[in-house]
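Engineer:
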Amino acid sequence: MESYRTEEEQVEALRRWWDENGRSTIVGIGLALLAVFGWQGWQQYQQQQREQASDIYQQLLNSASQAELTPARQGEIERLAGSLKDDYSGTTYAQFASLQLARLAVADGDLERAESELRWVLSAADRSSDIALVARQRLARVLASNGDTEAALDLLKVTSSNPYVASYQVARGDTLLAAGRRAEALEAYQLAWQLESENPGQLNTVTLQQKLSSLNPVAPTDVELSQDAGSAIEAGSDSELQGEGA
Amino acid sequence: MLQNIRSNIQGTTTKIVVWLIAISFAFFGIESILLGGGSSGVAEVNGEDISAMEVQQMVNTQKRQLISMLGEDIDPAMLDDQRLSAQAIQSIINRRLLMQSADDMNLTISELEVGRVVGAMEQFYLNGRFSPEVYKSTLAQAGFTPSSFKQGLKQDLLVNQLRSGLAGSEFATPAELALTAEIAAEQRDVRYLTIPLASVKTDIEVTEEQIQAYYESNQAEFYSPESVVLNYIELQADDFRAPVDEEELLSMFEQEKNSYQYQTENRVSHILLTQSDDESDQDYAERIATLQSALDSGQDFAELAEQYSDDIASASSGGDLGFSSGDAFPEEMESAIAALATNTVSSAVQTEAGTHFIVVTERREAESVTLEELRPELEQRLQDQAAAATLLSTVETLRDKVFNAQDLNGPAKDLELEVQTSEPLSRDQAAGLFSKPAVLSAIFSEDVLDLGHNSEVIELSPQHFIVLRVQKHNQPELQALPVVRDSIIAAITDQTARERVTEKAQQALASIRSGQSVEETAKASGYEWQVEIGAQRSGSMLPPALAQRVFRLAAPADGESVVDFTLNAQGDAEVFELSRVTAGSYSALAPQQQQGLQQQIALEYSNLLQQEFQQKLRNDADIVIY
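Protein chains in written order, with the working numbering: chain A, 12 to 257; chain B, 53 to 678.
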C-alpha cells in the first residue's frame, strides 16, 4: 500500500486518478444503474402482464362456470381466450384458456377445433411440462374419437418418467376398446386399475369398473352331473364354450 | 480516529480478522448472523418452512369443524392433537406444493382481483352494500387480519386457477361416450326363479356327533366376549333437590317482584317554550304568560301545542311524546308527570330545554304480582341453585375421598350415597350411561381395569357426575358346549339348508339347460318365477345379488342363452336364464342421462389427473418432517 506524506499529496493523487479514470467510472456507474432499473422495469412489466392475463382468465372461468352456456357467453369466452392467446401468448394462462376452448369444442362435437387448440397448447408448452403431458393425452383421445387409432396410440406411449401413467392407460383402454381390440383394452384398463388402487386418495372409478367387468366376464357355474340330470351334459359344454368366448 | 484505524489495520492479525468477517458476510448474508441459523418449522417443503403455528391453526379449525359436525359427545380420541396435527401437516404440505407449482407456472393473482372477490362476498354486506366495518369486525371475530385474510384468499384463487386449467378442462369425447354408454346402459333380458332357503330348512336333523364336531372345529367362535361389571356412584343434581325454605322464598320474592311487576306508564303531551338567542328575558316571560293564560282559559291543548310549541317534532301531533315508564324524560318532567292527574295541565316545568307545560293523556297503572303467582318459578330456581351447590360440594368431597379409598363403599357411606352395580359391559357398549366415550375410556384404562383403582369423578354434564371401579373383569373364555348348543344347531341347520338350496338350484339349472323353460321348471317344483326384460346394470329392476351375477357373465350369442344361479344374502337361490343382451346406445339415452354420462367420464378423468398431478409434485419434492 502506498503511503502519503501530506494531505496535499493525497488530494493530488486523487485528482490524478480522477482525470485518468473519471469518465469510465461515470459510464460504469451509469451502465450499472441502467441494468438494475432496466431489470426491475422488465420484472415489473412481466408481473403486470401476468396479472392482466390472470384477470382475463378469471373472467373466462366465471363465464365458463355458469350452468347454461348461451351463445353470448360462448362468444365472451372465445373473445377472452383469443385475447389471452394473442396478447399474452407466453403465459400459462394462454395455455389454460386454450385447454378450456378444447373442452368446449369437444362438448360441441367440433373435434377439428379441439384438435387445433390442443396442438397449439403442445406447441406453446414446454415438452415435459404437466400441461403438455395433459394436452398430449387429450389430443390422443380426440384423434381416437375421429377414428385415427394408430396416431392416438402413438401419442399415448408412456415413458417411465411420465407421472400420468394411469390416465394414459385409461385413455389407451378407451382407444383400443373403441377400435374393437378388447384383449389389449382389458390389459390397459387392468394396469390403470392397479395403479389407481395403489393411490392413497379416493378416486371415482364407476365406469372403469364397469368396463373391467364387461371385458373380463366370469363363466357360468358348472353343474356336477347326477343321474337325474343327464341331459345337462350338453348345457354344461355349452356354458364352457361361452366361458371361453369371453 | 480514521488515522488510528488505518494504522491498526497494518497488523497481520487484524488483516486476517477483517478478511474473515468480510468473507463470512459475503457467503452467508447478514440475516443468518442476525437471525440465527436453525429452522423453527415443523416441516420443510422444497426449502420452505411450515411453522408450528400454521399447523396449530389448522388443527384448531379441524377440531371446531369436528365438534360442530359430531356434537359434544364426540370420541376424545378423534380430537387427539397428535393425530390431527399429522393430518394437518400433510394437507398443508399438499397445499404448499400446489402453491409452489402455481408459482413455477407464473400464475399470479392481482390485488385488484382479490379486492373484487372480497367486494362480492355477501357476508360483508350491510343494507345491500359492502361495509368496511362489517368486513373488519367479521374478520376479527374469525381471527384474521385483513392482510392474512387476503393472503389466504389469494392462495385459494391461485389453487383454483391451477385446478381449473389442468383438471377442470377435462372432457368426454364422442367415442368415449359411445363406448361407455354401450356398457353402462346395456340391457339384459332375464327370466329367474327363486328357491327360498326357508323351504328346505324344515326337516333338517342335526346329530350329536355333528354338534360335537362343529364345536371342536370352530372353537374360536365360542369364546364369551370380554366384559366388566362395575360398582359406581352416580350423582345427579335432581337427587339433591330439597324442599325450599319459606323465608328464603319470601326474601327472594321481595327482591324479584319489581322486575316481574308491570311498570306504571304515562302517555305524555307537552308544549315547550325555548328562549331563543335574540330573545330578551322579558319577551320570553311574556310568551310564557300568554300561553299560561290561554291554557287557563281552557283552550284545546293540542291546538295550543301546534300554535306555540318550540318542539317542532311534537307540535304537529298535539304535543304527543308517547309513553314513559318513568325514565324517558328529564327528572323534573318525570316528577311532574308522576304527580299529575290525567288530562290536567301542569304548571310550568323548567328543564334545560326550556319551559314545559305537560298533560298526561293516558295512564296505565302498574299491576303487582302475587307471591302465589311466582311461587312455582321461584321454588324451582331456589331448588336449582341449592341442588347445584350441594352437588358441587359433594363432588369435591367425593373426589378427595375416592382418590384415597380402597373401594367406593367407604366414601359412599361417608356421604350417604348409594353404590350401584352395573350389568356386564363390553368395550363396544352401544347405548346407555356406559356408552359415553368419557366413561368407556375410563373403564378400560390401565388404572381402572388392570390396577383396580377407583376412577376419577367423571363429569358428564354440569348436573351429572359418575365415579366407578371394576368389580369383576370377565376375560374371554371358551363357553361350554351346552351353553352354545343352540347356536351350533342353528349354524349347522343353516349350512345344511344352503347346501340343499344349492343342490336344488343345480337341479333347476340342469333342467333349464336341458331345454325346459324357466316357467316350466318353476311350476314343476312350485317355485316363484319372474321375467325382467331390459334390466340395467345400475337399475333396481333385479334383486342386487342377481343383478351382480347377471352382469358378470359374458353375453350369450344371438338366439342362445346362458343359465346360471346365485345365492343372495338371505341364502335364497336365484336361478336365471339370460337370453338377450342389448348394448346401450348413447343417442338413445335421455338428455339428462347423456349429460350425466358426460360429467361422469370427465369427472373420472379429472379426478385421476388431479391425483396423479399431486402425487407427482410429492414425488419430486424435497419434503422433510421434523
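Glycine residues also receive a C-beta, built at the ideal position from the N, C-alpha and C atoms. All values derive from a computational prediction rather than experimental measurement.
If you reduce the DSSP assignment to three classes, tell me which class D241(B) lands in.
Structural biologist: Taking the second sequence and counting its residues from 1, one reaches residue 241(B) at position 189. Correct three-state label for D241(B): strand.
Engineer: Going by the beta-carbon positions, is the gap between E228(B) and D119(A) smaller than 8 Å?
Structural biologist: As a working note, residue 228(B) is residue 176 in the second sequence. As a working note, residue 119(A) is residue 108 in the first sequence. Against a cut-off of 8 Å, the Cβ pair of D119(A) and E228(B) comes out as no contact.
Engineer: Would you call the segment 212-228 of chain B in contact with the segment 654-663 of chain B, where contact means no fewer than 3 C-beta pairs closer than 8 Å?
Structural biologist: With a cut-off of 8 Å, the segment 654-663 of chain B and the segment 212-228 of chain B count as touching, because enough Cβ pairs lie within range.
Engineer: Run down chain A in chain order and give the residues with a C-beta less than 7 Å from the C-beta of L605(B).
Structural biologist: On the second sequence, residue 605(B) is found 553 positions in, with the first residue counted as 1. Result: P228, V229, P231.
Engineer: Among Q21(A), T103(A), L44(A), whose alpha-carbon lies nearest the alpha-carbon of Q58(A)?
Structural biologist: Within the first sequence, the letter at position 47 stands for residue 58(A). Measuring from the Cα of Q58(A), the nearest candidate turns out to be T103(A).
Engineer: Mind pulling the chain B residues with CB within less than 7 Å of S74(A)?
Structural biologist: As a working mapping, residue 74(A) is identified with position 63 in the first sequence. Result: empty, since nearest Cβ-Cβ is about 12 Å, beyond 7 Å.
Engineer: Please work out which residues of its chain come closer than 6 Å, Cβ to Cβ, to A242(B), disregarding the five sequence neighbours upstream and downstream, and give them in chain order.
Structural biologist: Residue mapping note: residue 242(B) aligns to position 190 of the second sequence, counting from 1. One point to set straight first is that residue 242(B) is Val, not Ala, in the sequence displayed. Excluding sequence neighbours, V242(B) sits near E584, A587, V602, F628, L630.
Engineer: On the DSSP bridge list, what partners appear for H322(B)?
Structural biologist: For the purposes of this step, residue 322(B) is taken as the residue at position 270 of the second sequence. Looking at the DSSP assignment, H322(B) forms a beta bridge with I410(B).
Engineer: In or out: G93(A) buried (at least 16 other Cβ within 10 Å) or exposed?
Structural biologist: On the first sequence, residue 93(A) is found 82 positions in, with the first residue counted as 1. Exposed: under 16 other Cβ atoms inside 10 Å.
Engineer: Would you call the segment 298-314 of chain B and the segment 395-412 of chain B in contact, with 3 or more CB pairs under 8 Å?
Structural biologist: no
Engineer: Just to confirm, is the Cβ distance from A129(B) to V107(B) under 8 Å?
Structural biologist: For the purposes of this step, residue 129(B) is identified with residue 77 of the second sequence, where counting begins at 1. For the purposes of this step, residue 107(B) is identified with residue 55 of the second sequence, where counting begins at 1. Taking C-beta atoms as the reference points, A129(B) and V107(B) fail to come closer than 8 Å.
Engineer: I want to see whether chain A comes within less than 8 Å of Y657(B), judged by CB atoms only; does it?
Structural biologist: For the purposes of this step, residue 657(B) is taken as the residue at position 605 of the second sequence. Cβ-Cβ to chain A under 8 Å: yes for Y657(B).
Engineer: Are there any heavy atoms of the ligand GTP lying less than 7 Å away from the beta-carbon of E448(B), as far as the coordinates show?
Structural biologist: By its list of ligands, the structure shown contains no ligand whatsoever, and the ligand GTP lies outside what it can speak to.
Engineer: Within 8 Å of any Cβ in chain B, is that where the Cβ of E207(A) sits?
Structural biologist: Start at 1 with the first residue of the first sequence, and residue 207(A) comes out as number 196. Chain B contact via Cβ: present.
Engineer: Starting from the beta carbon of D616(B), find every residue of chain A whose beta carbon is closer than 7 Å, and list them in chain order.
Structural biologist: Along the second sequence, read from residue 1 onward, the residue named residue 616(B) stands at position 564. Correct list: P231, T232.
Engineer: Anything in chain B within Cβ reach of V22(A), meaning under 8 Å, just list it in chain order.
Structural biologist: The residue you call residue 22(A) lines up with position 11 of the first sequence. Neighbours of V22(A) on chain B: none; closest Cβ ~15 Å, over 8 Å.
Engineer: So which of I119(B), R537(B), D616(B), Q402(B) has the shortest CA-CA distance to E261(B)?
Structural biologist: By 1-based counting over the second sequence, the position of residue 261(B) is 209. Selected option, being the one with the closest Cα: R537(B).
Engineer: Run through chain A and tell me which residues come within less than 7 Å of Q663(B), C-beta to C-beta.
Structural biologist: Residue numbering aside, residue 663(B) sits at position 611 when the second sequence is read from its first letter. Within chain A, the residues near Q663(B) are N210, G212, L214.
Engineer: At a Cβ cut of 8 Å, what residues of the segment 99-117 of chain A count as close to chain B, listed as they run along the chain?
Structural biologist: T102, T103, Y104, Q106, F107, L110, Q111, A113, R114, V117
Engineer: Quick check: the segment 508-527 of chain B against the segment 275-284 of chain B, are at least 3 beta-carbon pairs closer than 8 Å?
Structural biologist: yes
Engineer: Under DSSP, the alpha helix (DSSP H) around D623(B) begins and ends at which residues?
Structural biologist: Residue mapping note: residue 623(B) aligns to position 571 of the second sequence, counting from 1. Correcting the residue identity first, residue 623(B) is Gly in this sequence and not Asp. Counting along the chain, G623(B) falls outside any alpha helix (DSSP H), and DSSP gives it neither H nor E.
Engineer: Just verifying my parser: in three-state terms, what is the DSSP assignment at S139(A)?
Structural biologist: As a working note, residue 139(A) is residue 128 in the first sequence. Coil at S139(A), not helix or strand.
Engineer: Which residues in the same chain have their Cβ closer than 6 Å to the Cβ of A95(B), if we skip the five residues on either side of it in sequence?
Structural biologist: Here residue 95(B) refers to the residue found at position 43 of the second sequence. Excluding residues up to 5 positions away in sequence, I102, I141, I677 lie with their Cβ nearer than 6 Å to the Cβ of A95(B) in the same chain.
Engineer: Please compile the residues from chain B whose C-beta is within a distance smaller than 7 Å of the C-beta of L219(A).
Structural biologist: Translated into positions along the first sequence, residue 219(A) becomes position 208. Under the 7 Å cutoff, chain B gives E656.
Engineer: Relative to the C-alpha of R147(A), which candidate in N157(A), L133(A), T160(A), A155(A) has its C-alpha closest?
Structural biologist: To locate residue 147(A), count along the first sequence from 1; it is residue 136. Out of N157(A), L133(A), T160(A), A155(A), L133(A) has the C-alpha closest to the C-alpha of R147(A).
Engineer: Listing by chain order, which chain A residues have their CB less than 7 Å from the CB of L740(B)?
Structural biologist: The structure shown has nothing for residue 740(B), since chain B only spans 53 to 678.
Engineer: Below 9 Å on C-beta distance, what does A155(A) contact in chain B?
Structural biologist: The sequence position of residue 155(A) within the first sequence is 144, counting from 1. Chain B residues near A155(A): T225, A227, E228.
Engineer: At 9 Å on the CB atoms, spell out the chain B contacts of R193(A), in chain order.
Structural biologist: Translated into positions along the first sequence, residue 193(A) becomes position 182. Those do not exist, as R193(A) stays about 11 Å from chain B at its closest Cβ, beyond 9 Å.
Engineer: Does the segment 537-546 of chain B come close enough to the segment 292-306 of chain B to have 3 or more Cβ pairs within less than 8 Å?
Structural biologist: no
Engineer: Just to confirm, are V252(B) and A549(B) a CB contact at a threshold of 8 Å?
Structural biologist: In the second sequence, residue 252(B) corresponds to position 200, counting from 1. In the second sequence, residue 549(B) corresponds to position 497, counting from 1. For V252(B) and A549(B), yes; Cβs fall inside 8 Å.
Engineer: Give me the DSSP bridge partner(s) of F182(B).
Structural biologist: Taking the first residue of the second sequence as position 1, residue 182(B) is located at position 130. Answer is Y177(B).
Engineer: Go ahead and label L236(A) buried or exposed: buried means 16 or more other beta carbons lie within 10 angstroms of its beta carbon, across all protein chains shown.
Structural biologist: One-based indexing of the first sequence puts residue 236(A) at position 225. With a pLDDT of only 48 at L236(A), under the threshold of 50, the placement of this residue in the model should not be trusted, and no figure is reported.
Engineer: What whole-angstrom Cβ distance do Y275(B) and L530(B) have, given they're in contact under 8 Å?
Structural biologist: Position 223 of the second sequence holds residue 275(B). Position 478 of the second sequence holds residue 530(B). Contact holds; Cβ gap of about 6 Å.
Engineer: State the DSSP-derived secondary structure class of L282(B), mapped to helix, strand or coil.
Structural biologist: Residue 282(B) sits at position 230 when you count from the first residue of the second sequence. Reduced to three states, the DSSP call for L282(B) is strand.
Engineer: Which residue's Cα is closest to the Cα of L594(B): A194(B), F201(B), T246(B), G171(B)?
Structural biologist: On the second sequence, residue 594(B) is found 542 positions in, with the first residue counted as 1. Between L594(B) and the set A194(B), F201(B), T246(B), G171(B), the nearest pair of CA atoms involves T246(B).
Engineer: Does the CB of G167(B) have a neighbour CB from chain A at under 8 Å?
Structural biologist: Walking along the second sequence from the start, residue 167(B) turns up at place 115. So, not an interface residue.
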